[in-house]
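Engineer: Please find one structure pasted underneath; my questions will follow.
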């Protein structure tokens, strides 16, 4: 293992909670940044969200928290107290970046807006991830994952045309916001390396989502089309990517510049009928085409379809679930999955990072316990044990 | 003009399709000089998508909205990399560059004699990004894959769908853009590392793992409880109401999510305190979760009477998380995106003035913008060979003659399959009537340019 850590020496003060912010700083921490997570004394909200082992809530056993806070250190600090805010400002002096994902009002309400922090640390990069950004008429709108997916345009194009739009599964808006924050923060940090200049990074999750589907905007500005939703079908190249039942689950269709190869492999000559040769013909004869496709796919198991298709170089896929991911030897061999030891939650199979650096996976170390590094961090700031006890009694840490 | 964060960084982009070009675009937007490498034999395959007027017409390869959006701020050169001269020129360019992006199957760069070990010899501090479906190692490394099928493979499609139906794919090739963003972040991290240490880096980015990392909590749930999450439609494991509700007008919807008692009370107030909301079965979060069908029905009856944005505004004013479901046109006219200058109008020499999605994020001191329209095929051949590589006109003329470079596609093809122009037309122009019949396109607005304030017939001129 080369042990190279791309962000080693970069100090990040992590004021994030739930998913978007923590995913951003998780990526930084994995790459070797020293990420110090600041939580209120009662813990950040993700500690109260599941999944929990045996569905029994426990702040040190939240699967969401354990997944998103690997490789970080953790302290507690109550920013609703004056002392807490003062200590936070001291912590800011010694870091390169602060990342936060509160609603835009919150930091200013605490007296911790960019200007105030830059006074303490002029070269600071402050990254703010929010649903709608730090300016504009929707700035203070409330929003959860589903609202951002709707406002970003992703929901409108997902689902059946004759039914309500669908949200994509999981918490995709937040993950998109998190990785966009990761990119944006490092872009600003790169500029700081070159010039010594810090700045405020404003990530709007709505805009990040629009960017993922931006070509739909061009369907209007180039052609005048309102882009609709069409189940799992691709509006340019159906059946590319579409999902159909197979013998034991669901499979996904690869792009088919040559339906002939596909029909030969699946032994379904009907699919090679010239009337299906282009999208127009496939839609004009949709029922017939789909029936032939379903019949052929229904004869295969997921595994047969996937590996036989790969032998034909077709880029086949199937619908996998968490169990499929967990037992995929490929993900273990690459080090994406590993069991991470934890004093309270035990050794839990945890996803790591979707990349390797110079051929090696990044080491994954467990998320911090609540306030685990208080002694170390506050000690370094010059607090004695007695003072720390007093801070604890006053609900500051 | 404001400074650009990545100014002075040169990126060679060998990628194609969606994820890689998007990654390169994000770097270009922030100021990197990105050089897109195509060949006349295999131009970027997305060049003819979303054509102006939905017709092949003249120079189809320079009139596609998809390409023009995804490649703004980039330079373009054509180089035939199957010819030694093409390879040699690429190597010369690599010597002058900071980053190389590629998205081939893991074998290809090796077969071309351009793998990391070779390139490192000629440019020791090179940052090379290898983006692939399954990664450069592991038993599946040579498997073919696409952003479309990857959403299924990575465990996302399994979680998406109506509660009474099968898995559903998102309306875009979802794993492409999310992998592009991840890759741009990693390249930037490697640039930061090189600033400090002078070392280059090889990054092996997997689209499969990127997708899987976006549903990481479901892997944790499986590890902890052996559970496989069910499809929940638009619902949430513990928030109710949480859904997508019909509004007045055709296909208009609003999303509403309630995460606390305070928000529930605010919703009730905004709806005019209806008697039903005070019934026992809606009295606490657990009761509301249990009676969601009735709850959704009641809320839908209230939302049905108003415009989706009006419902959003009323609820937001009351303190409820509500978001209108916006379509592509509504985004182009959205007052918030306009106020934040997210949309930018760019004049392209072949496609005219069009609005585009702008910067994905805002940096207060180095904001970036669309500085130049997407390049025509081979537009910067001469600039790059003369200014960067110091070749003379005679040498360039010979390279053109010998087919190493050019500005016109050699043939109509898609993913290596040669096609007649007729087949090409059928393949690339959207069958409007058919797509509208099935709902994939909702409608076509003939006067869209007027609506956008860009009059027809004056493309490239004043708006």
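Residue numbers (this note's numbering), protein chains in the order written: chain G, 13 to 409; chain E, 631 to 1093.
All residues carry an ideal CB built from backbone N, CA and C; glycine is no exception.
In this text the structure is predicted, and so the values were computed from the model without any measurement.
With distances taken Cα to Cα, identify the nearest neighbour of residue 731(E) among 1008(E), 994(E), 972(E) and 662(E).
Structural biologist: Reading the second chain from its first residue, position 101 is the one you call residue 731(E). Checking every option, the nearest Cα to that of residue 731(E) belongs to 662(E).
Engineer: Quick one: complete beta strand (DSSP E) runs, 3+ long, within the segment 17-99 of chain G?
Structural biologist: 23-27, 46-51 and 85-88
Engineer: Quick check on DSSP: helix, strand or coil for residue 319(G)?
Structural biologist: In the first chain, counting from the first residue as 1, residue 319(G) sits at position 307. DSSP, reduced to helix, strand and coil, places residue 319(G) within a helical segment of the structure shown.
Engineer: Could you tell me whether any Cβ in chain G is nearer than 9 Å to the Cβ of residue 1041(E)?
Structural biologist: Translated into the one-based positions of the second chain, residue 1041(E) becomes position 411. Cβ-Cβ to chain G under 9 Å: no for residue 1041(E).
Engineer: Drop a sphere of 10 angstroms on the beta-carbon of residue 752(E), count the other beta-carbons inside from all chains shown, and report buried for 16 or more, exposed for fewer.
Structural biologist: Within the second chain, the letter at position 122 stands for residue 752(E). Flag for residue 752(E) reads exposed.
Engineer: Just confirm the distance between the C-beta atoms of residue 161(G) and residue 135(G), as a whole number of angstroms; I'd bet it's less than 8 Å.
Structural biologist: In the first chain, residue 161(G) corresponds to position 149, counting from 1. In the first chain, residue 135(G) corresponds to position 123, counting from 1. Contact between residue 161(G) and residue 135(G) fails: their C-beta atoms lie close to 36 Å from each other, not under 8 Å.
Engineer: Report the rounded CA-to-CA distance for residue 816(E) versus residue 34(G), giving the unit in angstroms.
Structural biologist: Taking the first residue of the second chain as 1, we reach residue 816(E) at position 186. Taking the first residue of the first chain as 1, we reach residue 34(G) at position 22. Distance from the CA atom of residue 816(E) to the CA atom of residue 34(G), rounded to whole angstroms, is 17 Å.
Engineer: Would you call residue 286(G) buried or exposed, if buried means 16 or more other Cβ atoms sit within 10 Å of its Cβ?
Structural biologist: Translated into positions along the first chain, residue 286(G) becomes position 274. Classification for residue 286(G): exposed.
Engineer: Check whether the Cβ atoms of residue 222(G) and residue 987(E) lie closer than 9 Å to each other.
Structural biologist: Position 210 of the first chain, counted from the start, is the residue given in the question as residue 222(G). Position 357 of the second chain, counted from the start, is the residue given in the question as residue 987(E). Against a cut-off of 9 Å, the Cβ pair of residue 987(E) and residue 222(G) comes out as a contact.
Engineer: Shorter than 9 Å from the beta carbon of residue 874(E) to some beta carbon of chain G?
Structural biologist: Counting from one through the second chain, the residue named residue 874(E) turns up at place 244. At least one chain G Cβ lies under 9 Å of residue 874(E).
Engineer: If you follow the alpha helix (DSSP H) that residue 1038(E) is in, where does it begin and where does it stop?
Structural biologist: Locating residue 1038(E) in the second chain gives position 408, counting from the first residue. First-last for residue 1038(E): undefined, no H or E at that position.
Engineer: Does chain E have any CB closer than 9 Å to the CB of residue 350(G)?
Structural biologist: Along the first chain, one-based indexing puts residue 350(G) at 338. No, residue 350(G) does not count as interfacial toward chain E.
Engineer: At 7 Å on the CB atoms, spell out the chain G contacts of residue 770(E), in chain order.
Structural biologist: For the purposes of this step, residue 770(E) is taken as the residue at position 140 of the second chain. Those are 342, listed as they occur along chain G.
Engineer: Could you confirm whether any beta carbon from chain G is found closer than 9 Å to the beta carbon of residue 910(E)?
Structural biologist: Taking the first residue of the second chain as position 1, residue 910(E) is located at position 280. Judged by the 9 Å Cβ criterion, residue 910(E) is not in contact with chain G.
Engineer: For residue 922(E), which residues from the same chain have a beta carbon less than 6 Å from its beta carbon, with the 5 sequence-adjacent residues on both sides left out?
Structural biologist: In the second chain, residue 922(E) corresponds to position 292, counting from 1. So the list reads 870, once near-sequence residues are dropped.
Engineer: Residue 642(E) and residue 729(E) - do their beta-carbons sit closer together than 9 Å?
Structural biologist: Sequence index remark: in the second chain, residue 729(E) carries index 99 (1-based). Sequence index remark: in the second chain, residue 642(E) carries index 12 (1-based). Going by C-beta atoms, residue 729(E) is nearer than 9 Å to residue 642(E).
Engineer: Of all the residues that make up the segment 108-119 of chain G, which are near chain E by a beta-carbon distance shorter than 8 Å?
Structural biologist: For the segment 108-119 of chain G, the set of positions with a beta-carbon nearer than 8 Å to some beta-carbon of chain E is empty.
Engineer: Can you tell me whether residue 747(E) is buried or exposed, with buried defined as 16 or more other CB within 10 angstroms of its CB?
Structural biologist: The residue labelled residue 747(E) in the question sits at position 117 within the second chain. So residue 747(E) counts as exposed.
Engineer: Do you know whose CA, among 830(E), 942(E) and 634(E), lies nearest residue 754(E)'s CA?
Structural biologist: If you number the second chain from 1, residue 754(E) lands on position 124. Of 830(E), 942(E) and 634(E), the residue nearest in Cα terms is 830(E).
Engineer: From the DSSP secondary-structure annotation, give me the bridge partner or partners of residue 255(G).
Structural biologist: Numbered from its first residue, the first chain carries residue 255(G) at position 243. Paired residues: 264(G).
Engineer: What's the C-alpha gap between residue 807(E) and residue 652(E)?
Structural biologist: By 1-based counting over the second chain, the position of residue 807(E) is 177. By 1-based counting over the second chain, the position of residue 652(E) is 22. Going from the Cα of residue 807(E) to the Cα of residue 652(E) covers about 7 Å.
Engineer: In the DSSP assignment, the beta strand (DSSP E) including residue 705(E) goes from what residue to what residue?
Structural biologist: Taking the first residue of the second chain as position 1, residue 705(E) is located at position 75. First-last of the beta strand (DSSP E) with residue 705(E): 704-708.
Engineer: Inspect the beta-carbon positions of residue 1015(E) and residue 1029(E) and report whether they are closer than 9 Å.
Structural biologist: Working through the second chain from its first residue, we reach residue 1015(E) at position 385. Working through the second chain from its first residue, we reach residue 1029(E) at position 399. Yes.
Engineer: Spell out whether any CB of chain G is found under 9 Å from the CB atom of residue 940(E).
Structural biologist: Residue numbering aside, residue 940(E) sits at position 310 when the second chain is read from its first letter. Residue 940(E) does not count as touching chain G.
Engineer: Counting only the same chain and skipping the five closest in sequence on each side, list residues whose C-beta sits under 6 Å from that of residue 59(G).
Structural biologist: The count along the first chain starts at 1 and reaches residue 59(G) at position 47. So the qualifying residues of the chain are 71, 74 and 77.
Engineer: Quick check: is any heavy atom of the ligand MG less than 8 Å from the C-beta of residue 75(G)?
Structural biologist: Inclusion of the ligand MG in the displayed structure is not the case, the ligand content being empty and no account of it being possible.
Engineer: State the Cα-Cα distance for the pair residue 324(G) and residue 382(G), rounded to the nearest angstrom.
Structural biologist: Along the first chain, read from residue 1 onward, the residue named residue 324(G) stands at position 312. Along the first chain, read from residue 1 onward, the residue named residue 382(G) stands at position 370. Residue 324(G) and residue 382(G) have their alpha carbons spaced roughly 52 Å apart.
Engineer: Using DSSP bridges, identify the partner residues of residue 109(G).
Structural biologist: What you label residue 109(G) is simply residue 97 of the first chain in a count that begins at 1. Note: residue 109(G) sits in a beta bridge opposite 24(G) and 137(G).
Engineer: Return yes when the Cβ of residue 670(E) is within less than 9 Å of the Cβ of residue 710(E), no when it is not.
Structural biologist: Walking along the second chain from the start, residue 710(E) turns up at place 80. Walking along the second chain from the start, residue 670(E) turns up at place 40. Result yes, Cβ atoms of residue 710(E) and residue 670(E) sit closer than 9 Å.
Engineer: Under a CB-based cut-off of 9 Å, is residue 797(E) close to chain G?
Structural biologist: As a working note, residue 797(E) is residue 167 in the second chain. Cβ-Cβ to chain G under 9 Å: yes for residue 797(E).
Engineer: Cβ atoms of residue 694(E) and residue 707(E): under 9 Å apart, would you say?
Structural biologist: For the purposes of this step, residue 707(E) is identified with residue 77 of the second chain, where counting begins at 1. For the purposes of this step, residue 694(E) is identified with residue 64 of the second chain, where counting begins at 1. No, these two residues do not count as a Cβ contact at 9 Å.
Engineer: What would DSSP say about residue 237(G), mapped onto helix, strand or coil?
Structural biologist: Against the first chain, residue 237(G) aligns to sequence position 225. Three-state result, residue 237(G): strand.
Engineer: Please compile the residues from chain G whose C-beta is within a distance smaller than 8 Å of the C-beta of residue 832(E).
Structural biologist: Taking the second chain and counting its residues from 1, the one referred to as residue 832(E) is at position 202. Residues of chain G passing the Cβ test: 369, 370 and 371.
Engineer: Taking the alpha helix (DSSP H) that residue 892(E) falls in, what are its first and last residues?
Structural biologist: Along the second chain, one-based indexing puts residue 892(E) at 262. From DSSP, the alpha helix (DSSP H) with residue 892(E) extends over 891-900.
Engineer: Could one say the Cβ of residue 85(G) lies closer than 9 Å to chain E's Cβ atoms, at least one of them?
Structural biologist: Walking along the first chain from the start, residue 85(G) turns up at place 73. Not closer than 9 Å to any Cβ of chain E, the Cβ of residue 85(G) fails to qualify, so no.
Engineer: Whose C-alpha, out of 1022(E), 939(E) and 1011(E), is nearest the C-alpha of residue 1035(E)?
Structural biologist: Here residue 1035(E) is taken as the residue at index 405 of the second chain, counted from 1. Selected option, being the one with the closest Cα: 1011(E).
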